[in-house]
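Numbering (our numbering), first residue to last: 207 to 483.
For reference, the structure is listed below as structure tokens.
What follows is the structure in structure tokens.
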């Protein structure tokens, strides 16, 4: 597994610049409360990715390298579309830089980087632990992870909508309306989490068969996807809270609360193999 993984990641590294640019551009469009442009850019990129995957991986026989090249190409396309549209809204490059704004931006960015590291460290460790168990456990774990990531992106859509609406009302000083937005988004998040849990519960068999028909892999994936299912209500609320804290620029609390729970989670991940053995 190591050789193809290194091959894939080496090529995927060339996609890092457009990914960062695209994320920054999407944040700018959210500030304008424009959710359509990022949607069109991402859909266009994913469509190109799917087409190139079908060409590179099978007819050209490039395998994982073809998958990486297709993804990198789609990322550059999405970033180009976003920058092209954003250039019509504001001046992208200017020498008129205000020091205080840069400092505030870097401070907020540092907090979010700390939070992001606290989120991805457990994912890295859990992936490493699964890979050490062999191909079958790794495949089952990856199915569970992909299901969780897919569902999480749906929850993230609620968080982004709540972030934009709350930020708009909060900036205007409409605190009563902002509070109403906060409560309503949390309510929708809770209902969405329950609905997603029910959907996963009923459609579990069909979802896993989209990935594989190997009985051993499906057996491993089953336990993981059940855990994903029962945690959906909490997961949805957590994502919504993230968006709401970002909406009022309280990046500190979002970062500190995530880092606070990192240590016990890492300890749990480290000692779990001891009990299982």
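No residue lacks a Cβ here, since even glycine has one placed at the ideal position from N, Cα and C.
Treat the numbers as computed from the prediction; the structure is a model and nothing was measured.
Since I believe residue j is in contact with residue i (beta carbons under 8 Å), could you give me their beta-carbon distance rounded to a whole number of angstroms?
i           : j           : result
residue 494 : residue 317 : Beyond the ends of the chain as shown, which are 207 and 483, falls residue 494; an answer cannot be given.
residue 343 : residue 396 : Not quite, the Cβ-Cβ distance comes to about 33 Å (not below 8 Å), so this is no contact.
residue 484 : residue 273 : A question about residue 484 goes unanswered here, because the residues of the chain that appear run from 207 up to 483.
residue 437 : residue 406 : About 10 Å separates the two Cβ atoms, so there is no contact after all.
residue 327 : residue 468 : 7 Å
residue 391 : residue 450 : 7 Å
residue 234 : residue 292 : 6 Å
residue 475 : residue 335 : 7 Å
residue 402 : residue 359 : With 8 Å as the limit, residue 402 and residue 359 do not qualify as a contact, their Cβ atoms being about 11 Å apart.
For residue i, which of helix, strand or coil comes out of DSSP?
i           : result
residue 379 : coil
residue 399 : helix
residue 445 : helix
residue 469 : helix
residue 268 : coil
residue 416 : coil
residue 261 : helix
residue 323 : helix
residue 374 : helix
residue 454 : coil
residue 464 : helix
residue 298 : coil
residue 409 : helix
residue 485 : Only positions 207 to 483 of the chain appear in the structure, and residue 485 is not among them; the question remains open.
residue 340 : coil
residue 437 : coil
residue 235 : helix
Is it the case that the Cβ atoms of residue i and residue j are separated by a distance below 7 Å?
i           : j           : result
residue 370 : residue 398 : no
residue 276 : residue 262 : yes
residue 368 : residue 446 : yes
residue 224 : residue 281 : yes
residue 345 : residue 423 : yes
residue 375 : residue 365 : no
residue 430 : residue 350 : yes
residue 404 : residue 414 : no
residue 363 : residue 453 : no
residue 314 : residue 457 : yes
residue 258 : residue 279 : yes
Exercise for the section: Please determine if the region 315 to 329 and the region 462 to 472 are in contact, where contact requires at least 3 C-beta pairs separated by less than 8 Å. Expected result: yes
Handout entry: Segment contact flag, the region 343 to 357 with the region 223 to 234, C-beta cutoff 8 Å, min 3 pairs
Key = no
Exercise for the section: Indicate whether the contact test is met: 3 or more Cβ pairs, each with one atom in the region 307 to 316 and one in the region 248 to 260, closer than 8 Å. Expected result: no
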